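Trainee: My questions all concern the structure below.
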Amino acid sequence: MSLSKMTVLIKDLPDEQASVAMGRAIAAGLQPPFTLYLTGELGAGKTTLSRGIIQALGHNGAVKSPTYTLVEPYELPGIEVFHFDLYRVADPEELEFMGIRDYFNNNSLCLVEWPDRGFGMLPEADLHLDLSYKGLQRQIKIEAKSAAGQRILDNLK
């Protein structure tokens, strides 16, 4: 599928429950290998959305922000989920030292918050989720970047 046919979906997220529900809806069609980029200002809901995705994939516990650890792994039946938060990365070269490329494999689903901090070290996203403030609510812009991402986007419409 050519990138010119890729589409964008914009939805309002009135509260935390709507963000979690959107994460669950996105998770419904995810299959590894898959890379999700999550962008937006601090507090825009990237981790909340990630929680919806990770819990919908079968994780029963808490989903915490990996701000200090850089990555939180979740081993789920038949899939490895890696949740990255690159906010504290000062130089993309730091990711090379942590073996970043090893996380992106054929059995992994990688959710990457602040992907711009890893520029040049990360694979392209299949789906880009951009969260923004809309008054007291949030808004999500979902952009397909691959055929796999487009299938997820089509399922959300």
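The sequence shown begins at 197 in the numbering used here and counts up by one.
Every residue gets a Cβ at the ideal spot worked out from N, C-alpha and C, and that includes glycine.
As the structure is a prediction and not an experimental result, all values here were calculated from the model.
Where residue 301 and residue 241 are concerned, what is the direct C-alpha to C-alpha distance, given to the nearest angstrom?
Mentor: Residue mapping note: residue 301 aligns to position 105 of the sequence shown, counting from 1. Residue mapping note: residue 241 aligns to position 45 of the sequence shown, counting from 1. One C-alpha to the other measures close to 26 Å.
Trainee: Per DSSP, which one or two residues make a beta bridge with residue 230?
Mentor: Along the sequence shown, one-based indexing puts residue 230 at 34. Residue 230 is bridged to 305.
Trainee: Entirely within the segment 255-298 and at least 4 residues each: give me those alpha helix (DSSP H) ranges in chain order.
Mentor: Whole alpha helix (DSSP H) segments, 4+ residues: 289-293.
Trainee: Throw me the rounded Cβ distance for the residue 230 and residue 340 pair, which I believe falls under 8 Å.
Mentor: By one-based count along the sequence shown, residue 230 stands at place 34. By one-based count along the sequence shown, residue 340 stands at place 144. In fact, because the Cβ distance is near 12 Å, the residues do not count as touching under 8 Å.
Trainee: How many Å lie between residue 211 and residue 322 at the Cα?
Mentor: Taking the sequence shown and counting its residues from 1, one reaches residue 211 at position 15. Taking the sequence shown and counting its residues from 1, one reaches residue 322 at position 126. Their backbone Cα atoms lie some 26 Å apart in a straight line.
Trainee: Mapping DSSP to helix, strand and coil, what is residue 235?
Mentor: On the sequence shown, residue 235 is found 39 positions in, with the first residue counted as 1. Three-state DSSP puts residue 235 in a strand.
Trainee: Would residue 351 be called buried (16 or more neighbouring beta carbons within 10 Å of its own) or exposed?
Mentor: Translated into the one-based positions of the sequence shown, residue 351 becomes position 155. Answer is exposed; the Cβ neighbour count stays below 16.
Trainee: Taking the C-alpha atoms as reference points, what is the distance between residue 200 and residue 346?
Mentor: Numbered from its first residue, the sequence shown carries residue 200 at position 4. Numbered from its first residue, the sequence shown carries residue 346 at position 150. Summary for residue 200: the model assigns pLDDT 49, below 50, so the residue's position carries little reliability; its value from the coordinates is reported in the next sentence. Going from the Cα of residue 200 to the Cα of residue 346 covers about 12 Å.
Trainee: Please classify residue 262: is it buried, with 16 or more other beta-carbons within 10 angstroms of its beta-carbon, or exposed?
Mentor: Walking along the sequence shown from the start, residue 262 turns up at place 66. Result: buried.
Trainee: By how many angstroms is the C-alpha of residue 287 removed from the C-alpha of residue 319?
Mentor: One-based indexing of the sequence shown puts residue 319 at position 123. One-based indexing of the sequence shown puts residue 287 at position 91. Going by the C-alpha atoms only, they are around 17 Å apart.
Trainee: With DSSP as the reference, please indicate the residues paired to residue 208 in a beta bridge.
Mentor: In the sequence shown, counting from the first residue as 1, residue 208 sits at position 12. In DSSP, residue 208 forms a bridge with 335.
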